[in-house]
Amino acid sequence: MDHSFSSALVSPYVTWDQLQLNKTIKLGVMASGSGSNFEAIAQAINEGKLNGKVEVLIYNNPQAKAKERADKFNIPSVLLNHRNYPHREALDEAIVEVFKAHQVEWVVMAGWMRIITNVLLKAFPEKVINIHPSLLPSFKGINAIEKALKAKVKMTGCTVHLVDLEVDSGPILIQSAVPILPDDTSETLHHRIQIQEHHIITQGIALAVQREKNN
Ligand code: GAR
Numbered sequence: 000m001d002h003s004f005s006s007a008l009v010s011p012y013v014t015w016d017q018l019q020l021n022k023t024i025k026l027g028v029m030a031s032g033s034g035s036n037f038e039a040i041a042q043a044i045n046e047g048k049l050n051g052k053v054e055v056l057i058y059n060n061p062q063a064k065a066k067e068r069a070d071k072f073n074i075p076s077v078l079l080n081h082r083n084y085p086h087r088e089a090l091d092e093a094i095v096e097v098f099k100a101h102q103v104e105w106v107v108m109a110g111w112m113r114i115i116t117n118v119l120l121k122a123f124p125e126k127v128i129n130i131h132p133s134l135l136p137s138f139k140g141i142n143a144i145e146k147a148l149k150a151k152v153k154m155t156g157c158t159v160h161l162v163d164l165e166v167d168s169g170p171i172l173i174q175s176a177v178p179i180l181p182d183d184t185s186e187t188l189h190h191r192i193q194i195q196e197h198h199i200i201t202q203g204i205a206l207a208v209q210r211e212k213n214n
């Protein structure tokens with residue numbers, strides 16, 4: 000099958016020139032699994048596309064591959080295993096403590112599979128960014144890719160947005176649309192969505208910083 004039409008559409012149309020930031024932003028990243036979006040951020044910084052520094056990675060799962068990626072980029076990483084905390088607020092308090100100790104200004108949830116609380120949002124108001132594998136507001140929550148396949152929609156994608164208290168909601172910064180092909184499985188579709196995620200995650204961060212400056 001010819002997959003050439005499966006390249007994605009990104010909105011809004013932005014160029015890296017338009018996304019230049021005057022000041023180096025200090026990022027704290029949270030990841031639960033593979034960490035490919037975390038690596039995309041670190042790589043974009045190394046390539047000079049994003050004027051930022053990842054001060055620290057927090058991961059909640061001892062097996063998370065994200066930790067190995069942090070080591071590769073010489074980025075400090077801290078394991079905060081959610082199983083060791085009595086409730087969500089306690090985990091978020093520990094997260095805030097680590098981020099504040101590293102002078103983090105912006106928080107990026109790059110595949111963070113825990114629901115966050117007001118504890119984190121209050122510490123970083125309008126400065127928590129999330130990436131989600133659907134065109135929000137469609138298919139919120141877990142298994143977004145399976146939900147899109149089940150709904151038999153022809154188009155899905157990914158969204159970078161500012162986080163508010165409701166799961167997978169808050170102002171949308173950037174989206175990329177990915178067509179669903181007739182023979183797609185959740186693996187093949189997730190693979191194509193992730194290619195787009197790796198572009199928009201860094202663009203979304205830059206847009207969030209610009210948005211804040213314009214406010
Ligand atoms: C990404 O596809 C991200 O959109 C998704 O987890 C994956 C993490 O991949 N996030 C969510 O589903 C959050 N609701 P990665 O660990 O390779 O970056």
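According to numbering that gives the first Met the number 0, the sequence shown is numbered sequentially starting from 0. For glycine and all other residues, C-beta sits at the position ideal for the given N, C-alpha and C.
Reference N73; option with closest CA among Q195, V55, L79: Here residue 73 is taken as the residue at index 74 of the sequence shown, counted from 1. Considering only alpha carbons, the answer is V55.
With 16 other Cβ atoms within 10 Å as the buried cut-off, status of R210: The count along the sequence shown starts at 1 and reaches residue 210 at position 211. Burial call: exposed.
M112 beta carbon near the ligand GAR (any heavy atom closer than 7 Å): Reading the sequence shown from its first residue, position 113 is the one you call residue 112. At least one heavy atom of the ligand GAR is nearer than 7 Å to the Cβ of M112, so yes.
Extent of the continuous beta strand (DSSP E) to which V106 belongs: Walking along the sequence shown from the start, residue 106 turns up at place 107. 105-108 is the span of the beta strand (DSSP E), which, as asked, contains V106.
Contact test: Q193 Cβ vs the ligand GAR heavy atom, cutoff 7 Å: Walking along the sequence shown from the start, residue 193 turns up at place 194. Under cutoff, so the answer is yes.
H86, DSSP secondary structure in three states: Here residue 86 refers to the residue found at position 87 when the sequence shown is read from its first residue. In this structure, H86 counts as coil in the three-state DSSP scheme.
Simplified DSSP assignment, three categories, for A63: Indexing the sequence shown from 1 puts residue 63 at position 64. Coil.
Rounded separation between N59 and A65 - CA only: Looking up residue 59 in the sequence shown gives position 60. Looking up residue 65 in the sequence shown gives position 66. C-alpha separation (whole angstroms): 10 Å.
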